[in-house]
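Protein chains: 2
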Amino acid sequence: MEKKHATSDVRQRILETADRLFYQHGLRAVGIDRIIAEADVAKMSLYKHFPSKDELILAVLKYREVQIQEFFGAAMHQHEKRMKSKLRAFFAALKDWSMSPGFRGCAFQNARVELADPNHPGTQFVREHKQRFQTFITGIIEESLGKGSAKAAPAINLLVEGVVVTSVIEGSPHALDVARDAALKMVENEKIV
Amino acid sequence: MEKKHATSDVRQRILETADRLFYQHGLRAVGIDRIIAEADVAKMSLYKHFPSKDELILAVLKYREVQIQEFFGAAMHQHEKRMKSKLRAFFAALKDWSMSPGFRGCAFQNARVELADPNHPGTQFVREHKQRFQTFITGIIEESLGKGSAKAAPAINLLVEGVVVTSVIEGSPHALDVARDAALKMVENEKIV
DNA sequence: ACAATAACAGACAGGTCTGTATATTTGAGC
DNA sequence: GCTCAAATATACAGACCTGTCTGTTATTGT
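Residue numbers (the working numbering), protein chains in the order written: chain A, 9 to 201; chain B, 9 to 201.
In structure tokens:
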């Protein structure tokens, strides 16, 4: 007979499946029925854990932020061994990500587009996430330059946001090199001045 | 009695209405029924001019590219009078746009997100449009710096893409100043080297 | 062993979606 | 005045959507 699921953690299975489908096809293109089918879960189980699709979307965004943190933590840790600065390691990790199969850009940018409503909880969470991400980038630059002198951080953050959308549209990681070189020049000029 | 429409150009009325609704709410959130209602047009008229919603989307993207060109042409022409360079005028126009009511970012970026399918004709058109837009930016920099020396153009293009998404997410035009200053520094450093 | 909880299956309501079919009305040129 | 094309109104098919309801089956703690 068919085996039951190992962990039996239904909630986790829903989150992972929804995250994968939402990211791949978009929030509106994926219906509840498809999520429960691919997660192999009953519809009532989903609605018990997540009272509505909007709340599921919000939970997926929170889940994904943790995944992103873990990915950058691991990928940068690898690259830092053979690279001159944490900033270089960051751009190497970014390139890894943009070249990974199924890459479709930043899930938070995409959610902001699909959740057109500025009052949607997901929209608000995206804004908060981007603040945290900018803080993360600022920290990287400070560790590469010395504390308190990361004046280029906001501009580099814009470069990063831009290179993510652009590499999706171009279907190529080429722009990653452009962004990295520009960012390195920015901090270099910052040091001189 | 109810007045008939002046121009009677049904196709144009459909395009303008669809453009407005698609931009405001998203491609998938707006249905055919809403478009025909707000355009005050019969459903059969829409399907006679545009055989499917996908073809309507593509037509709207083409229409919007012309509108964008006209907007930047006019706005930059105004700003150039009292500004030192075409590049500064470009960023001033960008800021005007990002502060206009209903601003929801770049319709082409947004379309790329919603049309998850990389083989959708709209997706391909977005890619081509972004090539043309980068050429446009390169031209602006060359006219500010002298021909052939716009090495910073690709990086500035990434800054622009990034500042558009970011100003939507932040709900503020603040990042525009960051992007403009960074771009001006880039071309300045280009001149010295 | 037994009660309580969690997950299951599957039908259903009520709405929306794209696209089609049918039949009628308007308007411009000749 | 007549013709022909364009635009109209309206109903419909068939699929999909979110969310609810009912009832059954595992699983788990005590």
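Cβ coordinates follow ideal geometry from the N, Cα and C atoms, glycine included. Source: prediction; values computed, not measured.
Around Glu-150(B), the same chain offers Ala-158 as residues with beta carbons nearer than 6 Å, after the five sequence neighbours per side are excluded. Under the three-state reduction of DSSP output, His-128(A) falls in the coil class, being neither helix nor strand. Assigned with DSSP and collapsed to three states, Met-91(B) falls in coil, not helix or strand. Ala-187(B) places its beta carbon less than 8 Å from that of Phe-99(B).
Contact of Ile-177(A) with chain B is assigned, a C-beta pair being separated by under 8 Å. Within the stretch 19-39 of chain A, the residues whose Cβ lies closer than 8 Å to any Cβ of chain B are, in chain order, Gln-32, His-33, Gly-34, Arg-36, Ala-37. Nearest neighbour of Ala-82(A) by Cα position, chosen from Asp-104(A), Lys-92(A), Val-68(A), Lys-70(A), turns out to be Asp-104(A).
Under the Cβ distance rule, Arg-72(B) does not count among the residues neighbouring chain A, no pair being separated by less than 8 Å.
Straight-line measurement puts the Cα of Ala-50(A) at about 30 Å from the Cα of Gln-132(A). Burial is judged here by how many other beta carbons sit within 10 angstroms of a residue's own beta carbon; Pro-162(B) has at least 16 and is buried. Residues are counted here when their Cβ sits less than 9 Å from a Cβ of chain B; for the stretch 104-116 of chain A these are Arg-112, Gly-113, Cys-114, Phe-116, given in chain order. Closest in C-alpha terms to Leu-23(B), from the list Glu-63(B), Val-171(B), His-87(B), comes Glu-63(B). Neighbourhood of Arg-135(A) in chain B, by CB distance below 8 Å: Ile-177, Glu-178, Gly-179, in chain order. In this chain, Asp-48(A) is not harboured by any alpha helix (DSSP H), its DSSP state being neither H nor E. For Val-186(A), the nearest CB of chain B lies under 8 Å from its own CB, placing it at the interface with that chain.
Boundaries of the alpha helix (DSSP H) harbouring Phe-116(B): 115-122, taken from the DSSP string.
Listed in chain order, the alpha helix (DSSP H) elements of length 4 or more contained wholly in the stretch 150-182 of chain A are 161-178.
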